[in-house]
Amino acid sequence: EPEVTQTPSHQVTQMGQEVILRCVPISNHLYFYWYRQILGQKVEFLVSFYNNEISEKSEIFDDQFSVERPDGSNFTLKIRSTKLEDSAMYFCASSELVVPSNEQFFGPGTRLTVL
Amino acid sequence: AQSVTQPDIHITVSEGASLELRCNYSYGATPYLFWYVQSPGQGLQLLLKYFSGDTLVQGIKGFEAEFKRSQSSFNLRKPSVHWSDAAEYFCAVVPNTGGFKTIFGAGTRLFVKA
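Laid out in structure tokens, this is it:
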């Protein structure tokens, strides 16, 4: 069964460093998302991406965040200068159809720890 | 304000007992409704979803949920809980406003005792 994959599973970085979180969405999916979950808190929407551009973003997704689909399979989230409060689990998701009712398939997540 | 509320932070049930997890939403138009489960250290798995039609929806792993428009609720139920059901359960909505982002509730952690 097709699934969304994410690498690495765990990333440890120093405050101020840049990190890139990688995701491989399901191959025929068109819509891509990033969410984050700070430990013990709810899952929060960060950004959605369609047709090589951001469709929607939350207030969390400020200038230190960026997303990219560098090739036909990968979808990345870059944090330019990490802060302690960026420590969280980051989930990538994808959906096949461009309708809000379409199921989003989530990856296993990348746990980011900023020291 | 628009929101998804799961009033129970955690619930403990005995194995074999029935389960109901509550979810209420506050949106002008009925959103698209979902329940996800997250096992420790794992990603999110979709249990079931509701868009329209029959207000009782069946999902995977023996779960069902009932949409009640008058109560703005979408409660998750299971008649007989198994120890493997211990996990965190998230109610979620995609607002019916043209966007695609999913808004999650705070989650309910389910503990199952033998």
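Protein sequence lines correspond, in order, to chains A and B. End of the first sequence = 115 in the working numbering, gap-free, step of one. End of the second sequence = 114 in the working numbering, gap-free, step of one. Cβ coordinates follow ideal geometry from the N, Cα and C atoms, glycine included.
- Under the DSSP definition of a beta bridge, T113 of chain A partners with A:V12.
- Proximity of chain B to E103 of chain A at the Cβ level (cut-off 9 Å) is accounted for by F34, L46 and K49, in chain order.
- Residue state for I60 of chain B is assigned as helix, using DSSP reduced to three classes.
- DSSP places E88 of chain B in the strand class (E or B) of the three-state scheme.
- Here E85 of chain A carries a helix assignment [DSSP, helix/strand/coil].
- Taken through DSSP and simplified to helix, strand or coil, R69 of chain A comes out as coil.
- Under a criterion of Cβ atoms nearer than 8 Å, the residues of chain A adjacent to K101 of chain B are, in order, Y33, F45, S48, E56 and S58.
- In this structure, F51 of chain B lies away from A92 of chain B, with their beta-carbon atoms at least 8 Å apart.
- Shown here for Y90 of chain A: same chain residues with a beta carbon closer than 7 Å to its own, the five before and five after excluded, namely L21, W34, R36, L77, G109, T110 and L112 in chain order.
- With fewer than 16 other Cβ atoms inside 10 Å of its own Cβ, V12 of chain A counts as exposed.
- F111 of chain B has a beta carbon lying at 8 Å or more from every beta carbon in chain A.
- The alpha-carbon of L47 of chain B is positioned some 23 Å away from that of S70 of chain B.
- Under the DSSP assignment, H10 of chain B falls in the beta strand (DSSP E) whose first and last residues are H10 to S14.
- Going by C-alpha positions, G16 of chain A is about 6 Å away from K83 of chain A.
- Contact annotation: I26 of chain A and P8 of chain A have beta-carbon atoms that are not nearer than 8 Å.
- Within chain B, no C-beta atom comes less than 9 Å from the C-beta of F65 of chain A; the nearest is roughly 15 Å away.
- Secondary structure at S3 of chain B: strand, using DSSP grouped into helix, strand and coil.
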